[in-house]
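This report concerns only the one structure given below.
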Amino acid sequence: MTTQSINPTHSTGSSPSEFSHSLGTIVQPPTSAMKAAEAALSLQDTQEDIAFLFSAKVQDDQQAKKIRRDACRQREFLKIIEHMAGHSEGKNLLSSPLLNQDSELAHAAKMLQVGAFLRQHWNNPARRKTASQELSELMEEAGWEVELFGLLEFGSLNADSLRAVKHLFQQSIDEEEKQSLDKWFKRVSHWKDRKRKVLVLLRALAFDMSTQPTTKRGHRLAAILGQLRRLLLFLGLEDHCKHVGDACGLEGDIVLQEVLAIVGQPWLFKECLQRRLANLQHLSPQQQPIFLLRLNELFKLMPAAHFNDDEQREQILEILQNFYS
1 MTTQSINPTH STGSSPSEFS HSLGTIVQPP TSAMKAAEAA LSLQDTQEDI AFLFSAKVQD
61 DQQAKKIRRD ACRQREFLKI IEHMAGHSEG KNLLSSPLLN QDSELAHAAK MLQVGAFLRQ
121 HWNNPARRKT ASQELSELME EAGWEVELFG LLEFGSLNAD SLRAVKHLFQ QSIDEEEKQS
181 LDKWFKRVSH WKDRKRKVLV LLRALAFDMS TQPTTKRGHR LAAILGQLRR LLLFLGLEDH
241 CKHVGDACGL EGDIVLQEVL AIVGQPWLFK ECLQRRLANL QHLSPQQQPI FLLRLNELFK
301 LMPAAHFNDD EQREQILEIL QNFYS
């Protein structure tokens with residue numbers, strides 16, 4: 001077998017020098033590849049450094065925000081301690097032994113004692129630092145605001161008494177309420193000791209709002225204000241229902257449930273209202289016209305937020321006004 005050397009000029013028609021020149025433009029020398037690899041590695045290192053620095057800055061910013069938030073919350077919390085220390089009942093609560101560990105309010109009682117210790121030893125840097133750190137850890141538990149104001153309002157409660165309030169509070173600060181107003185009202189209306197628990201929720205929401213850093217208020221402020229508005233609407237409706245009940249010999253809660261049942265329907269029918277009136281055991285037939293008149297006045301006063309739309313309000317008023325026609 002013979003081998004024949006390949007002459008580039010045979011296949012390309014070009015001279016050897018021209019062929020060598022064209023290869024040089026296509027195939028880069030090894031040194032160029034090395035430089036490209038080094039440049040790529042350098043770029044990768046730079047990107048990793050930037051990512052690391054950015055991540056560290058985000059963590060530093062978050063830590064700084066947490067420090068500011070903790071300081072603000074502790075400052076407002078110590079104002080509560082200061083106020084309690086000026087009253088005999090508050091002093092007793094601050095000096096009382098911890099509640100049973102199974103109690104819903106044991107966590108809040110612990111916070112009060114740590115807060116009282118922090119206030120007492122404020123001028124001692126070492127003790128102040130220790131107490132402040134412990135208080136910050138206690139404030140990490142979700143819903144402690146409800147427990148705190150629940151303890152101040154009730155003194156002691158069973159394990160389930162504030163669970164619904166804490167759940168609604170957590171929804172309030174996490175996101176805007178998506179539940180319709182009438183369903184939200186029905187949910188709150190079934191609470192035992194409702195008026196006092198609503199006050200607990202109001203105070204907890206107001207405290208949370210007052211301790212939010214300025215940079216974060218935009219995110220949570222709308223949700224908290226929305227819940228505060230609903231609570232105020234509920235308290236106003238509850239008060240009006242009590243007045244209607246007093247005029248008709250009914251409990252305010254019964255009137256409230258009837259009002260919520262009416263606005264909870266997309267369309268009110270006369271027959272449905274007749275059945276509801278018949279089921280009101282403490283309302284005599286002679287009192288029914290007075291009750292409907294009072295309801296009509298109440299629905300005229302109720303803000304637009306209570307209704308799905310203006311059409312629903314007008315339809316309810318029409319049924320009430322023409323019930324005996």
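Going left to right, the sequence shown walks through residues 1 to 325 as UniProt numbering numbers them.
The C-beta atom is built at its ideal place from N, Cα and C for all residues, glycine as well.
Within 8 Å, strictly: CB atoms of residue i and residue j
i, j, result
"V200", "V146", "yes"
"S136", "D70", "yes"
"I173", "R220", "yes"
"L202", "L237", "no"
"F323", "L273", "yes"
"A126", "V114", "no"
"residue 328", "S156", "Nothing about residue 328 can be reported from this structure: the residues present for the chain run from 1 to 325 only."
Buried/exposed call for residue i, threshold 16 Cβ in 10 Å
i, result
"H240", "buried"
"I316", "buried"
"E89", "exposed"
"Q227", "buried"
"I319", "buried"
"G150", "buried"
"H87", "exposed"
"R196", "exposed"
"H83", "exposed"
"G245", "buried"
"H282", "exposed"
"E314", "exposed"
"R294", "buried"
"A108", "buried"
"A116", "buried"
"R75", "exposed"
Alpha carbon of residue i to alpha carbon of residue j, nearest angstrom
i, j, result
"K300", "L168", "29 Å"
"L93", "E153", "11 Å"
"R128", "L118", "6 Å"
"L233", "N279", "27 Å"
"P303", "T211", "30 Å"
"I290", "I262", "17 Å"
"A222", "Q287", "43 Å"
"F77", "Q312", "45 Å"
"R276", "W191", "23 Å"
"S189", "Q133", "39 Å"
"A206", "E271", "44 Å"
"A164", "I80", "24 Å"
"L166", "L148", "Checking the displayed sequence, the identity of residue 166 turns out to be Lys instead of Leu. So the alpha carbons of these two residues sit roughly 11 Å apart."
"D208", "Q257", "31 Å"
"K65", "V255", "47 Å"
"residue 334", "K91", "The structure shown does not extend to residue 334, since the chain spans only 1 to 325, so no value can be given for it."
"D309", "S180", "12 Å"
"A204", "A85", "20 Å"
"H306", "L298", "12 Å"
"Q28", "I67", "Confidence at Q28 is low in this model, with a pLDDT of 45, below 50, so its placement is unreliable and the value that follows should be read with caution. Going by the C-alpha atoms only, they are around 57 Å apart."
"N296", "L235", "19 Å"
"R73", "L292", "49 Å"
"Q171", "Q321", "39 Å"
"S95", "K242", "39 Å"
Below 8 Å, how does it come out for the region 181-188 and the region 141-156: are there three or more Cβ pairs, yes or no? Contact check between the region 181-188 and the region 141-156: fewer than three CB pairs, one atom from each, fall below 8 Å, which does not count as touching.
Below 8 Å, how does it come out for the region 263-274 and the region 232-252: are there three or more Cβ pairs, yes or no? Segments in contact, no.
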